Structure formats: C-alpha cells, structure tokens
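Right, one structure below, let's go through it.
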Amino acid sequence: MGATTADNIARKELAEEVILLDIKEGFAEGKAMDMMQTATLVGFDTKVKGVTNDYAATAGTDVAVITSGIPRKPGMTREELIGTNASIVKGVADNILKYSPNAIIIVVSNPMDTMTYLALKATGLPKNRIIGMGGILDSSRFKFYLSQALNCSPNDLQAVVIGGHGDTTMIPLTRLATLNSFPVSNLLSEEALAKVAADTMVGGATLTKLIGTSAWYAPGAATCALVESIVRDEKKVFPCCVSLEGEYGQSDICLGVPVVIGKNGWEKIVDFKLNASEQEAFNKSADAVRNMNSVLSTLTL
Ligand SMILES: NC(=O)c1ccc[n+]([C@@H]2O[C@H](COP(=O)([O-])OP(=O)(O)OC[C@H]3O[C@@H](n4cnc5c(N)ncnc54)[C@H](O)[C@@H]3O)[C@@H](O)[C@H]2O)c1
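Taking numbering that gives the first Met the number 0, the leading residue of the sequence shown gets 0, the next gets one more, and so forth.
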C-alpha cells in the first residue's frame, strides 16, 4: 500500500523526493528501484528512494504516510490487527518526528481509527497534523457500487462515507448521494440503495477474499489524493478520520467526518447536521471505535 501510494505521488510529481522506509532488509530499496525504472517510461522526475529502517534519511519530511504493520487475511476484521499494529504505529510515528518535527502524519495502518487516536495521543502533535485515511477510500468504493447500480460514470457521482473505517462502523450517507445534483434516492429503489450501502461497508473484505490480502490500488490512490490536497494546498473536502471535540456530538475520539485538507493538514471540520437516524448510526460507530480505543490501555507499547 505504501509503495502504491509512492507510485501515485511520483507519477503526479507531487514531491521532489519520496522516501520509502521498511523494516524488511532491502525491500523498500527494491520497490524504489523498480519504481524509478518506470520514470523514463511514465515521464516523471520525482526521485523515489528506499531505505531499511534509516529514519535519518527521512529528515525534513513534509508529509509522512504510515502504512507499516500487518494487513488482514481473508475472514479477518481490521480490528484484529490492533495488538501487532499499535506498537508498530507508535514506534514509527515517534521516529518520524525525531527527524521531521514539522511533518503532517497520515495514518493508514488498521484498525485505522484507533491507530489515528493512538498517534494523536502518543505524539502530542496539534490535532490538525494527524489525519487518518479511510473515508476517502470508502467514498470511492461507495461511488463505484452506486455507478454499477445506476449504470453511470462514477465520476458523475457525489457520495460520502463517514464514521469509522470498519465493516460495521462506516456510514455511507445514501440520503445525500447525488448523480450530478440529482438525489440517487429518487433514482434507485430503497432495496437497491441498501444493497449499495451494504456492499460498500464490506468493500475491503470483498477484495481481501478475492486477492488474499488487503487491497492496494484504491487505497494508494486515495492516500495520494490526500497528499495532493496538502502539498498543493487545494482545500479539498474529504471525509477523514480526525480528532473530534464536540463536532457531530462526539469528543475524545478520532472518527471520519468531512474536513478541508490543505497545507496545514486538516484545517476545518464541515460540521453538517445529520438527521436523527444518521446521528444514531454515527453515535453507534463512535461507541464501537471507543471500545476499540480502550484496548490500547491494555497493551504495552
Ligand atoms: N486505512 C485504509 O483505508 C487502509 C487500506 C489498505 C490497507 N490498510 C492497512 O495498511 C497496512 C498495510 O497494508 P499493506 O497491504 O501494505 O501490508 P503489507 O504487508 O504489504 O505492507 C506492510 C509493510 O510494513 C512493513 N513493516 C512492518 N513493521 C514495520 C516497522 N516497524 N517499520 C517499518 N515497516 C514495517 C512490513 O515489512 C511490510 O512491508 C495494514 O495495516 C492494512 O490493514 C489500510
């Protein structure tokens, strides 16, 4: 996933240099070399360099993306990864900041909502510099399934997934989804719309079953879109996992909500008023994520 993100960033020339860092000896070096050998074919000038656990090589990083850890296998939930990934994510975040104290950190490793919360608490960084990536990917999957149901281009759809990044915690906002401004709820039956939402929620698990591991292309493209909005200060609105302090009725939690993404990280929460059933789903999602967060205190990190 990290390599696919780097590949997207290089192809778009969003940075002068991208450093891939992995704990596995020679792995990041090999991935970087393979990518650099596409430079003359694709036509990019970004330098991609791989290092094994050498954080000094990452000094001065503007945006750091944490994808380290283990992915799920078929039949596993994202939540089952917490024991292994929590200490990895904490260690990686600490090391990044040692050499790049001003970095904006994007957390991708699962269970992402809890890993984002952990990164926020463990680093003590200002909240706007810690962003969890999940909602952009889930929204893209939502648009994919909607486009299949409507037989239309996914690019003509606006649709957002908020809440947690788990099979049961994400909330595809079907009421607000539109096809070029026309509500899709007027174009699809209730049953069809419910199926789209259900397929979206298990979108990652469907791919894991097919591929045998976690997906890479859409997660890499989604993370790249986030990086792009930061480095180009685009101020795009993406659903991201961020620290809530009363917004959407929740506090002391990191959860997916629409935010403005720019050069300062997440700059503003779009605090949209949900209807009663959406707010109830959001509260339930928060309860489940909070439950998972409570596991952190039982781990030795
Ligand atoms: N948030 C999302 O939307 C989303 C999407 C896809 C994947 N993921 C998550 O991202 C993570 C990575 O997925 P993947 O498919 O790339 O897995 P992967 O196994 O292909 O890659 C993970 C890499 O992390 C490395 N690693 C492990 N410990 C490390 C450490 N301490 N320091 C540096 N590197 C370390 C491993 O050597 C491995 O190369 C998983 O937790 C997965 O569940 C999240």
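Beta carbons: idealized from backbone N, C-alpha and C, even for Gly.
Remember, predicted model here, so these are calculated numbers, not experimental data.
Could you pull out every residue in the same chain whose Cβ sits closer than 6 Å to the Cβ of F141, ignoring the five residues on either side in sequence?
Counted from its first residue, the sequence shown places residue 141 at position 142. Correct list, in chain order: A158, V160, P171 and T199.
Which term fits L254, buried or exposed, when burial requires 16 or more other beta carbons within 10 angstroms of its beta carbon?
Position 255 of the sequence shown, counting from 1, holds the residue named residue 254. Label assigned to L254: buried.
If you run the structure through DSSP and keep just helix, strand and coil, what is D44?
In the sequence shown, counting from the first residue as 1, residue 44 sits at position 45. Of the three classes helix, strand and coil, the one that applies to D44 here is coil, per DSSP.
Tell me which residue opens and which closes the beta strand (DSSP E) that G165 is part of.
The count along the sequence shown starts at 1 and reaches residue 165 at position 166. Neither: G165 is in no beta strand (DSSP E) and is coded neither H nor E.
How about the segment 240-255 and the segment 100-118: do they share at least three Cβ pairs that are nearer than 8 Å?
Yes, since at least three Cβ pairs between the segment 240-255 and the segment 100-118 fall closer than 8 Å, the two stretches touch.
On the three-state DSSP scale, how would you describe V91?
Along the sequence shown, one-based indexing puts residue 91 at 92. Note: V91 maps to helix in three-state DSSP.
With a 10 Å radius around its C-beta and 16 neighbouring C-beta atoms as the bar for buried, classify I104 as buried or exposed.
Counted from its first residue, the sequence shown places residue 104 at position 105. By the neighbour-count rule (16 or more Cβ atoms within 10 Å), I104 is buried.
Where DSSP assigns a beta bridge to E244, which residues make up the other side?
Numbered from its first residue, the sequence shown carries residue 244 at position 245. Answer is S250.
Confirm the yes/no value for this check: CB of D198, any heavy atom of ligand 1, distance under 7 Å.
Within the sequence shown, residue 198 is the residue found at index 199, counting from 1. No, the Cβ of D198 stays beyond 7 Å of every heavy atom of ligand 1.
Compute the minimum distance between the beta carbon of D21 and the heavy atoms of ligand 1, and state whether it is under 7 Å.
Along the sequence shown, read from residue 1 onward, the residue named residue 21 stands at position 22. Yes, the beta carbon of D21 sits closer than 7 Å to at least one heavy atom of ligand 1.
One question on the structure: do I305 and T60 come within less than 8 Å of each other, judged by their Cβ atoms?
The requested residue 305 does not occur in the structure, where the chain is confined to residues 0 to 300.
Any heavy atom of ligand 1 closer than 7 Å to the CB of W265?
Here residue 265 corresponds to residue number 266 of the sequence shown, with the count starting at 1. No, since every heavy atom of ligand 1 falls outside the 7 Å radius drawn around the Cβ of W265.
For the segment 101-189, which segments carrying the alpha helix (DSSP H) assignment without a break, of at least 4 residues, lie completely within its bounds, in sequence order?
List check, alpha helix (DSSP H) in window: 111-122 and 134-149.
Report whether the distance from the Cβ of R140 to the nearest heavy atom of ligand 3 is below 7 Å.
Ligands in the displayed structure: ligand 1; ligand 3 is not one of them.
I'd like the list of long-range same chain contacts for R77, defined as Cβ closer than 8 Å, with 5 residues on each side in sequence excluded.
Against the sequence shown, residue 77 aligns to sequence position 78. Cβ neighbours of R77 beyond the five flanking positions: R71, N109, P110, M111, H164, G165, D166 and G203.
With 16 as the cutoff for other CB atoms within 10 Å, does I252 come out buried or exposed?
What you label residue 252 is simply residue 253 of the sequence shown in a count that begins at 1. Buried, since its Cβ has 16 or more Cβ neighbours within 10 Å.
In the DSSP assignment, find the unbroken beta strand (DSSP E) run with E233 in it and report its ends.
Here the question's residue 233 lines up with position 234 in the sequence shown. Per DSSP, E233 belongs to no beta strand (DSSP E) and is neither H nor E.
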